[in-house]
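Colleague: The working numbering runs 183 ahead of the 1-based position in the sequence shown. Don't be surprised by glycine CBs; every beta carbon is placed ideally from N, CA and C. Everything numeric in this text was worked out from a predicted model, so none of it was measured. This is the structure, below, for whatever I ask next.
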Amino acid sequence: TLTATRARVADLPWVRGEVPEDATGSFRLALEPRPGDRTALRMTDLALSAPGSSATGSMVAILGGESPILESIDVRVDPLSLDLVEAFTGPLPYGGQVSGQIQGGGGEIEFDLRGELVTSAAAEPFVTDLTGQVRVTEAGVEIRTVTAGLDQVPLAALEALAPGLPLRGMVSGSIRMNGSPDAAPLTVDIRLEAGGGVITANGIVDLTGSTPSYDLSGRLAGVDLRQVTEPSVPPVQLHGEFELEGSGTDPTTADARLLARGAFTG
Numbered sequence: 184t185l186t187a188t189r190a191r192v193a194d195l196p197w198v199r200g201e202v203p204e205d206a207t208g209s210f211r212l213a214l215e216p217r218p219g220d221r222t223a224l225r226m227t228d229l230a231l232s233a234p235g236s237s238a239t240g241s242m243v244a245i246l247g248g249e250s251p252i253l254e255s256i257d258v259r260v261d262p263l264s265l266d267l268v269e270a271f272t273g274p275l276p277y278g279g280q281v282s283g284q285i286q287g288g289g290g291e292i293e294f295d296l297r298g299e300l301v302t303s304a305a306a307e308p309f310v311t312d313l314t315g316q317v318r319v320t321e322a323g324v325e326i327r328t329v330t331a332g333l334d335q336v337p338l339a340a341l342e343a344l345a346p347g348l349p350l351r352g353m354v355s356g357s358i359r360m361n362g363s364p365d366a367a368p369l370t371v372d373i374r375l376e377a378g379g380g381v382i383t384a385n386g387i388v389d390l391t392g393s394t395p396s397y398d399l400s401g402r403l404a405g406v407d408l409r410q411v412t413e414p415s416v417p418p419v420q421l422h423g424e425f426e427l428e429g430s431g432t433d434p435t436t437a438d439a440r441l442l443a444r445g446a447f448t449g
């Protein structure tokens, strides 16, 4: 058993991704032989520190193939910067940080986190509960499913998923995503309560290129437009369907098409 104190994480040969140079870790390390000329690397009493991030717990990685495989993990992050996560997953639709538990084995990793997320469209960070599962393979990290629970979050915070829409007011509900953000489009499933009504949508958000693109369709039922749009509109409720397709998140440069069909009441 080897004990390491303030080791540079970037120097550890089994770590993948662009880890910050000043990320350090302390841990107890044991090596165990595995079939196929592989070696299990068991890390206990783990304490990692990086800019905006801190983690404690234990993990086991398998060495000897084309790249390391994460066999098991039981780690508490408090917090974990999403900038650091992007070094392993590729671009994410939000910045900020998360805190909570990450556990799993056999490449199947589950998490239960509280996120304090940021986006350029919302003036203040917003809080969301994040639960889900990712799969870690030699090819990288695949998001099996991520569900974000929203409770009175500014509608403007959804710009990353529905850019260019003149939204205001508050929203509650859930957003579910799956896919590999650095290799393939994310599949998105949305159900929200806003403006006294319900908004549902599904489709894809593609973060693999230099400019995000999206293709979403959905329905609105009983949504009071005065509560969710800028500028002010007459006191009516909207029932109908919509399609949003395009690229870019900046309203001044985005190339997007919005098609809406429905009826007004009120």
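Between which two residues does the alpha helix (DSSP H) holding E269 run?
Modeller: Looking at the DSSP string, the run of the alpha helix (DSSP H) that includes E269 is 265-272.
Colleague: How long is the line joining the alpha carbons of V381 and E293, rounded to whole angstroms?
Modeller: Roughly 29 Å separates the two Cα atoms.
Colleague: Let me confirm a value: A446 is counted as buried when at least 16 other C-beta atoms fall within 10 Å, else exposed. Which label applies?
Modeller: Per the 10 Å Cβ criterion, exposed.
Colleague: List the residues that DSSP assigns as beta-bridge partners of D295.
Modeller: Answer is Q284, T314.
Colleague: Mind checking who D438 pairs with in its DSSP beta bridge?
Modeller: In the DSSP output, where bridge partners are listed per residue, D438 has S430.
Colleague: Run through DSSP, which three-state label would R351 get?
Modeller: Note: R351 maps to coil in three-state DSSP.
Colleague: DSSP state of V381, grouped into three classes?
Modeller: The answer is strand: DSSP assigns V381 an E or B state.
Colleague: In terms of residues, what are the limits of the beta strand (DSSP E) holding L246?
Modeller: Per DSSP, L246 belongs to the beta strand (DSSP E) from 236-246.
Colleague: Along the chain, where does the alpha helix (DSSP H) containing L390 start, and where does it finish?
Modeller: Note, L390: premise wrong, no alpha helix (DSSP H); not H, not E.
Colleague: Pull up the distance between the alpha-carbon of T186 and that of V192, whole angstroms please.
Modeller: Looking at the two C-alpha atoms, the distance is approximately 14 Å.
Colleague: Output needed for D295: all residues of its chain with C-beta closer than 7 Å, excluding positions within five of it in sequence on either side, in chain order.
Modeller: Excluding residues within five positions, the ones whose Cβ falls inside 7 Å are G283, Q284, T314.
Colleague: State yes or no: is the C-beta of M360 within less than 9 Å of the C-beta of A331?
Modeller: Yes, Cβ-Cβ distance for M360 and A331 is below 9 Å.
Colleague: Identify whether D194 lies in helix, strand or coil by the three-state DSSP scheme.
Modeller: In this structure, D194 counts as helix in the three-state DSSP scheme.
Colleague: If we ignore side chains and look at the alpha-carbon of each, how far apart do G379 and G289 end up?
Modeller: Computed Cα separation, rounded: 44 Å.
Colleague: Is there contact here, the segment 230-245 with the segment 364-379, by at least three beta-carbon pairs under 8 Å?
Modeller: Touching, no.
Colleague: Assign L265 to one of two classes, buried (16 or more other C-beta atoms within 10 Å of its C-beta) or exposed (fewer than that).
Modeller: L265 comes out buried.
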